[in-house]
Amino acid sequence: MSLGEIWAILRRRWYFMVPFTLLSLLGGSYLYVTVPVSYQSQSSVALLDSSAVARLAPTFGNPISNAGGSLIVTADVLIRTLESSDAAKELRGRGVTDPYTAGFAPASDSPLLMLSVTGTDRAKVLRETNTLTTFAGEQLTALQAAAKVPPAYFVQTAPVVLPQTPVAKSKSRYQDIAAVVILGVVSAFLLSILMEGVAVVRRRRPGRNAVPRERRPRGPGRLRTGALGRRVDATAILTVYLVLALFIPSNLALPALGGVGTPANVFALLGLLWYLATWLGGRILPAPGTRLVRVALCVLGAAVLAAYVADAQRESSHQEVLGADRGLIGFLVWVSLVVLTSAGVQERGRLDVLMRRLVVLGSVVAAIGYYDFFAATNIADSIHIPGLQTSVAQVSAMDRGAFTRPRATTAQPLEFAGMLAILLPFAIQQALDPVRSHLRAARRWGPVVLMAGALPLSVSRTSIIGLLLVALVMVPRWKPARRWAAIGVMTASVAVFKVLVPGLIGTITGLFASFLSNSDSSTQARTVKYSAIVPYLKEHPFFGRGFGTFTPDLYFFTDNQYMLSLAEMGALGMVALLTLFVTGIHQGGAVRRLARTESDRELGQAFFASAVVAMVSSATFDSLSFPMFAGMFFLVLGAGAAYLGFIRREAAATAVPGPRASAESPQPQLVESR
């Protein structure tokens, strides 16, 4: 369905579009007038060791020099005390009636506390922030006095940043207004398309309109031309999504939508509306043989909704409520990618085009990673787009050893490595595809060299594990000549890296050696996090705390998607996550078993390898929390379902006897009807 046809439907169903749009605009205007602007004031308080302790060498009586890790536990106790119900009751008695928060300052490894108060009265908010800052020091003194600590050894609080002048916080207000307007417009859009589909079905019923109305041929002047008259398909929509997702840094988002409001996500949701309009209008049907992946996604949807209800039933903070809402929007983005690829792509040729574009665009991101590595910078930090704001704190260039870890346009070097690892099998498959043998070697093998070479540059165990998994899954399936050639190339590549980038191979082997000896600081930190997350798992073992609520600013990084899913969605979420990975592996294996050509068998093995890499690498970092990795994973997952549907239909067509197949009319292809 073209954009012109959708516009024509909306004009015919104006009695839905106009009233609902006006109501949504009136509702947004009402919220703008009635909802007051909230103000927030913050102060920072540091914990300093006592002078008696600081007299010990080498501090010589300087308490500031003793403000180290030993006071972090004290700071955590103070934060929990300030957030208790008894403290809230005491603060209400002192006039602090607006919501307040107490926590560690962002990106701080020291006992530095951030205190904030949010309210609608600017002057009152400032007074309450002063009261809260003073109350924090009193509570710390009372805690130590209750423990009978000698006054000479009391830990003191020192305001580092005094209560700031309250600033307006209109983000949540605009989010509510945007939600009302979007809900009204989308409802009008879907109702218009649904009524058009019902009208089309009624006209097609037998016995109605027995005498078909003669259609006059469309004159030359009435031919649809221009952008609105062009046919739009799922491949074109997904191509635009890939460009937005891969080349706009994922930390840039629309101000009113928060972290999930990236241009790529917004466009994916618009693509889902396009599919619904085309489907409800009777112009397209889901491709047969592709239902399995959507069933697996329904299992994940059940886990997300159950976790959302669980979050609503407990006393969650405002930040957690917003996180749960963002989680629902992010899940709809994943639904859009899976539906568009599995059910929306109706021709195999167009799916091949999409996969080639995916590999080419991924290789460009890998090339940007080379620049980051050798220039020791992050090119994403220099990208600024009018109308978009940074939704998360900027990630500075990360070093490991003597090397800068590249991230290109991704959010983190681990996401950069994981995303390239799940795309590498398709680059290899396309390079070996006989259909592309007429192309130059540089054009076929360039993406493979760029992706495979960029993975070690990330200086991470995830990248090396991804490379090894791709090799272990794909190489044994090749013929002996190709297999030995691949082993020779991989061996030579190690030697090339030792010559071109001295010290890189040693740094990587050192990472694995420290991991095996349990002497690596990052490994030890992850082990501590695994034990720290156990209490949260025990609180909500079945449905979790809420999808999208276990954020690092409120809790801590899990660095493990499975542990994060357990915390946010419980046991049901873990089952749903494993179902997704197993579905991807099954689709790759099924394509390989049913394929009639060697090219299709290698394509199935590529899907198999990609799903295995995604499943294993999710144990090394919280993979689905990163938008680029998650987007590529779900797009590849839907593409695997689409290819499996094509292979199954081709196998069913060849199983039909020759005479019967020739006598019957050919099976209709599920394409757009005109």
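Residue numbers (my numbering): 1366 to 2039.
We treat Cβ as the ideally placed atom computed from N, Cα and C, and that holds for glycine.
Remember, it's a predicted structure, so these values are computed and weren't measured experimentally.
Which residues in the same chain have their Cβ closer than 8 Å to the Cβ of residue i, if we skip the five residues on either side of it in sequence?
i: PRO1778; result: MET1763, ARG1770, PRO1771, ARG1772, SER1823, VAL1824, SER1825
i: ALA1776; result: PRO1614, SER1615, ASN1616, VAL1757, VAL1760, PHE1991, PRO1992, MET1993
i: VAL1551; result: LEU1638
i: LEU1811; result: With the sequence shown as reference, residue 1811 is identified as Gly, and Leu is not the correct amino acid for it. Here the set comprises SER1728.
Could you please give the first and the last residue of the uninterrupted alpha helix (DSSP H) stretch that includes residue i?
i: LEU1456; result: 1450–1458
i: ARG1492; result: 1487–1511
i: PHE1738; result: 1713–1740
i: ALA1601; result: 1599–1612
i: HIS1683; result: 1683–1704
i: ASP1441; result: 1437–1447
i: VAL1861; result: 1845–1865
i: GLY1875; result: 1869–1881
i: ASN1630; result: 1628–1645
i: GLU1680; result: Looking at the DSSP string, GLU1680 is not in any alpha helix (DSSP H), and its letter there is neither H nor E.
i: ILE1793; result: 1778–1797
i: ARG1648; result: That residue, ARG1648, is in no alpha helix (DSSP H); it is neither H nor E in DSSP.
i: GLY1913; result: Unbroken run through GLY1913: none, as it is neither H nor E.
i: ALA1817; result: 1806–1822
i: LEU1902; result: 1899–1904
Which of helix, strand or coil does DSSP assign to residue i?
i: ILE1374; result: helix
i: PRO1524; result: strand
i: ASP1965; result: helix
i: GLY1954; result: helix
i: VAL1840; result: helix
i: GLN1970; result: helix
i: LEU1919; result: coil
i: ASP1987; result: coil
i: VAL1383; result: helix
i: PRO1620; result: coil
i: ARG2013; result: helix
i: ASP1924; result: coil
i: ARG1596; result: coil
i: THR1462; result: coil
i: THR1775; result: coil
i: THR1655; result: coil
Just how far apart, CA to CA, sit residue i and residue j?
i: ALA1851; j: ARG1648; result: 47 Å
i: GLY1935; j: ALA1672; result: 8 Å
i: ALA1373; j: ILE1602; result: 20 Å
i: VAL1704; j: GLN1952; result: 16 Å
i: THR1424; j: PRO1524; result: For THR1424, the predicted structure reports a pLDDT of 47, less than 50, and the residue's modelled location is therefore unreliable. The matter cannot be settled from this model.
i: VAL1718; j: GLY1709; result: 14 Å
i: TYR1606; j: ALA1633; result: 6 Å
i: VAL1835; j: MET1980; result: 12 Å
i: PHE1696; j: ARG1378; result: 30 Å
i: ALA1675; j: THR1856; result: 52 Å
i: ARG1459; j: ASN1743; result: 48 Å
i: VAL1526; j: SER1409; result: 5 Å
i: PHE1862; j: TYR1735; result: 13 Å
i: GLU1967; j: ALA1955; result: 12 Å
i: ASN1608; j: ARG1715; result: The sequence shown places Val at residue 1608, rather than the Asn named in the question. Distance between the alpha carbons of VAL1608 and ARG1715 is about 17 Å.
i: ASN1495; j: THR1466; result: 13 Å
i: GLY1392; j: THR1386; result: 10 Å
i: PRO1515; j: GLN1521; result: 13 Å
i: ILE1547; j: SER1389; result: 8 Å
i: ILE1787; j: MET1560; result: 42 Å
i: PHE1972; j: LEU1641; result: 27 Å
i: ARG1376; j: VAL1383; result: 10 Å
i: VAL1724; j: SER1557; result: 38 Å
i: MET1816; j: MET1720; result: 15 Å
i: TYR1895; j: VAL1442; result: 21 Å
For the beta strand (DSSP E) that contains residue i, what are its first and last residues?
i: PHE1768; result: 1768–1770
i: GLN1405; result: 1403–1413
i: GLY1484; result: 1477–1484
i: PHE1469; result: 1465–1469
i: ALA1533; result: 1532–1534
Apart from the five residues on each side of it in sequence, which residues of its chain come closer than 6 Å, Cβ to Cβ, to residue i?
i: TRP1699; result: PHE1999
i: GLY1584; result: Note that GLY1584 scores a pLDDT of 46, beneath 50, so its modelled location is shaky and nothing firm can be said.
i: VAL1400; result: ARG1538
i: PHE1768; result: VAL1824
i: ARG1957; result: ARG1966, GLY1969, GLN1970
Answer yes or no: does any C-beta atom of chain D fall closer than 7 Å to that of residue i?
i: ASP1737; result: Checking the listed chains, one finds no chain D in this structure; it contains a single protein chain.
Going by beta carbon distance, what residues of the same chain come within less than 7 Å of residue i, once the five residues before and after it are set aside?
i: THR1446; result: ALA1452, GLN1504, LEU1508
i: ASP1737; result: ASN1743, ILE1744, THR1769, PRO1771, ARG1772, ALA1773
Check whether the Cβ of residue i sits closer than 6 Å to any heavy atom of the ligand HEM, and report yes or no.
i: TYR1673; result: Among the components modelled here there is no ligand, and therefore nothing to report on the ligand HEM.
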